[in-house]
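Notes to accompany the following structure.
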Amino acid sequence: MFSSSPPDPWPLPLRPVAALGRVTLDVIEALGRFGVFLVQAVAAAFIPPFKLGRLLDRIHFIGFRSLTIVILTGAFTGMVLGLQIFLVLSRFGSEAFLGPAVALSLIRELGPVLCALIVTGRAGSALTAELGIMKISEQIDALTVMALNPRRYLIAPPIVAGIVTFPLMVALFDVVGIFGAYLIASQLLGMSDGTYFGEMNTFVDIADVMTGFWKALSFGVIVTWVCTYKGYYCGHGAEGVARATTQAVVLSSVLILVWDYFMGSVLP
Amino acid sequence: MIKVVGVRRSFGQQEVLRGLDLEVASGEILVVIGRSGGGKSVLLKHLIGLLRPDSGHILVDDVDITRLGRNALDRIRERYGVVFQGGALFDSMSVYDNVAFPLREKTGLRAAEINQKVDEKLAQVGLEGMGAKNPAEISGGMRKRVAIARALVTEPEIVFFDEPTTGLDPILVNTIHHLIVELHRKFRFTAIVVSHEIPEIFQIADRVAMLHDGVIVDSGTPGAIQASPNPIVQHFIRGEVESVADR
């Protein structure tokens, strides 16, 4: 027989408006839940006893285990930058500014953004998948019925670990990148050490370093927040975990780029 | 004592619990039987506070847990032990750490005392010397037994078992059932077992309640349920085949 869905209470001309209203309410509800999730996790991080062992584990997972990929991408980013910026500067006879140009590009912009994108792919996706599997295998429910707050055990440690590790990883990325460009400048382009490093002190000041630092710190929060949220509220079964992981990586990456623009226009 | 009064719960358009009433006396083993998808696990999730009903009340020693905030609900949950259908063991921890986890997190016991309690519980479920293994390295039956050990290690007053024998062979089914009876005899907890292991489950139950279409259609001693004149109960316990059109 015919399947009967409940009748739409709205007259036909108003249905698009009603649908728009439903979507808007859904989006506002999701944003509210997203915000409350972070507030509850941060609040849970300050309630003793502190989960130091869990925090160290997450620092190891997000930070230490990302070092290889951070160093590798930092080195090649610096090498590409060195080569490309040299080609541009040589047209204006300003090759001497290669060092400061590379350093400023990396410290202010490319270091935080590229490092955050790489760590999202390596650690963020794994965080989402791990939490998603815990969700579908009822491990999060098990914590809840033990009268333990899952946000304190599962969400707060990675967010704090993100705050701790992202600035350090970005600093490493920047340093490795600057030396990658130096390698190209000195070995391939025949630039002297003094020319490459000499102008850096003049052109790179603490405000540039702080811009990179604040970006790295905020990216640490964004990546861990989005990735844990998506894992914690993932759908059913393997498909739900897969979808949550994809959404976490895509949303984190988009937010990193949007927030980078915002920070870049606000910070000096 | 647990009392469920008129609990209703819908998911979207589908009403899963339709004014369900149920009483569980202190110290008894109540087995809730019913067809797959009939709302048994949903009922259990309401009892342990993971879901809240749309209407109705769930009273645990006269405290309505449907109206409690998280902290007050956590105080009730401290009296609970829950054995989840799949075990819900923490993958990142060894068997030993899984069982020790609630003690480490919820009690002020010293390491030596925790060690003694965990060893004792693992021995009671027949898993001495298995503490170092990871959950992924042990069989399904062992995982269920670890889950039982973890649920009982804090000596809870009320223990919930969500289909504790699903997917196990008949020998393991009986092993787990005997384990539940033996531990119940020893610790006198109130047990609520959700199961559809017919007829084995009748051997362990003090009382059986049949859940069908979101309500309890019959309850009583195992003997009374087996002799029930209710056709739904008879249909279920005999495992009679029905055509898809009947469903």
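Listed in order, the protein sequences are those of chains B and R.
First residue of the first sequence: 314, per our numbering; consecutive thereafter.
First residue of the second sequence: 426, per our numbering; consecutive thereafter.
Ideal Cβ positions, reconstructed from N, Cα and C, are used throughout, including at glycine.
Under 7 Å between C-beta atoms, does residue i make it to chain B?
| i | result |
| --- | --- |
| Q439 (chain R) | no |
| G462 (chain R) | no |
| D499 (chain R) | yes |
| P595 (chain R) | no |
| P527 (chain R) | yes |
| D643 (chain R) | no |
Any Cβ of chain R within less than 7 Å of the Cβ of residue i?
| i | result |
| --- | --- |
| A460 (chain B) | yes |
| Q452 (chain B) | yes |
| A455 (chain B) | yes |
| R367 (chain B) | no |
| R328 (chain B) | no |
| G550 (chain B) | no |
| A332 (chain B) | no |
| L570 (chain B) | no |
Could you tell me which chain B residues have their CB closer than 8 Å to the CB of residue i, listed as they occur along the chain?
| i | result |
| --- | --- |
| E530 (chain R) | M459, L461 |
| I490 (chain R) | Per Cβ cutoff of 8 Å: no residues; I490 (chain R) is ~12 Å from chain B at best. |
| L475 (chain R) | D454, T457, V458 |
What in chain B is Cβ-close to residue i, meaning under 9 Å?
| i | result |
| --- | --- |
| E503 (chain R) | M459, A460 |
| F509 (chain R) | S450, E451, Q452, D454, A455, V458 |
Closest by CA to residue i, which one among the options?
| i | options | result |
| --- | --- | --- |
| Q651 (chain R) | R:M635, R:G639, R:I641 | R:M635 |
| F614 (chain R) | R:I573, R:A561, R:F627 | R:I573 |
| F359 (chain B) | B:D518, B:D370, B:D487, B:I468 | B:I468 |
| I375 (chain B) | B:V415, B:L411, B:P471, B:L427 | B:P471 |
| G566 (chain R) | R:T579, R:G556, R:G551, R:L577 | R:G551 |
| R502 (chain R) | R:H482, R:A525, R:H471 | R:H471 |
| G345 (chain B) | B:A494, B:G511, B:Y542 | B:Y542 |
| L593 (chain R) | R:E625, R:G431, R:I539, R:V633 | R:E625 |
| G462 (chain R) | R:E440, R:I454, R:A450, R:I473 | R:E440 |
| I458 (chain R) | R:R529, R:G648, R:Q438, R:V633 | R:V633 |
| A548 (chain R) | R:F526, R:R575, R:V658, R:S564 | R:R575 |
| P413 (chain B) | B:R404, B:L394, B:L427 | B:L394 |
| G464 (chain R) | R:D631, R:H621, R:P654 | R:H621 |
| F371 (chain R) | R:K569, R:Q438, R:I596 | With chain R represented from 426 up to 672, any question about residue 371 (chain R) goes unanswered, as that position is not in the structure. |
| S451 (chain R) | R:S519, R:S466, R:R504 | R:R504 |
| E582 (chain R) | R:Q438, R:G506, R:L447, R:A630 | R:G506 |
| H373 (chain B) | B:I384, B:A474, B:F486, B:A354 | B:A474 |
| D521 (chain B) | B:A416, B:T390, B:P361, B:T337 | B:A416 |
| Q500 (chain B) | B:P329, B:L423, B:L396 | B:L396 |
| V598 (chain R) | R:I623, R:R434, R:I617 | R:I623 |
| S565 (chain B) | B:P362, B:V534, B:V488, B:Y574 | B:V534 |
| L577 (chain R) | R:V606, R:H603, R:K546 | R:K546 |
Looking only at DSSP bridge pairs, what is residue i linked to?
| i | result |
| --- | --- |
| Q439 (chain R) | R:F436 |
| S565 (chain B) | Its beta-bridge partners do not exist; DSSP assigns none. |
| F585 (chain R) | R:V507, R:I617 |
| M635 (chain R) | R:I458, R:D643 |
| L469 (chain R) | According to DSSP, which records beta bridges pairwise, L469 (chain R) is partnered with nothing at all. |
| S499 (chain B) | Paired residue(s): none; S499 (chain B) is not in a bridge. |
| S480 (chain R) | R:R433 |
| G489 (chain R) | Note on residue identity: the sequence assigns Asp, not Gly, to residue 489 (chain R). D489 (chain R) pairs with R:L484. |
| V449 (chain R) | R:I427 |
Can you pull the chain B neighbours of residue i, defined as C-beta to C-beta under 7 Å?
| i | result |
| --- | --- |
| F515 (chain R) | Q452 |
Please decide whether residue i counts as near chain A, where near means a Cβ-Cβ distance under 7 Å.
| i | result |
| --- | --- |
| F510 (chain B) | Going by chain labels, chain A is absent from the structure shown, which instead holds the protein chains B and R. |
Does the region 493 to 510 of chain R come into contact with the region 472 to 480 of chain B, if we say contact requires no fewer than three beta-carbon pairs (one atom in each stretch) closer than 8 Å?
Taking 8 Å as the limit for Cβ pairs, the verdict is that the region 472 to 480 of chain B does not touch the region 493 to 510 of chain R.
Mind the definition here: the region 431 to 443 of chain B touches the region 514 to 528 of chain B only if three or more C-beta pairs lie below 8 Å; say whether that holds.
As far as the Cβ criterion goes, the region 431 to 443 of chain B does not touch the region 514 to 528 of chain B, which means the pair count is below three.
Examine the Cβ distances between the region 479 to 493 of chain R and the region 657 to 664 of chain R and report whether three or more of them are shorter than 8 Å.
The answer is no - the region 657 to 664 of chain R does not touch the region 479 to 493 of chain R, with fewer than three Cβ pairs under 8 Å.
The region 544 to 559 of chain B contacting the region 433 to 448 of chain B, beta-carbon criterion three pairs below 8 Å
Yes, the region 544 to 559 of chain B is in contact with the region 433 to 448 of chain B.
Touch test, the region 488 to 505 of chain B against the region 381 to 393 of chain B, Cβ-Cβ under 8 Å, three pairs minimum:
Flag = yes, the region 488 to 505 of chain B and the region 381 to 393 of chain B touch.
Kindly confirm or deny that the region 513 to 532 of chain R and the region 453 to 463 of chain B touch, where touching means at least three C-beta pairs closer than 8 Å.
Contact check between the region 513 to 532 of chain R and the region 453 to 463 of chain B: three or more CB pairs, one atom from each, fall below 8 Å, which counts as touching.
Hey, is the region 352 to 370 of chain B in contact with the region 421 to 428 of chain B, meaning 3+ C-beta pairs nearer than 8 Å?
With the cut-off at 8 Å, the region 352 to 370 of chain B and the region 421 to 428 of chain B do not touch.
Cβ pair count under 8 Å reaching 3, the region 398 to 411 of chain B against the region 501 to 514 of chain B:
The region 398 to 411 of chain B is in contact with the region 501 to 514 of chain B.
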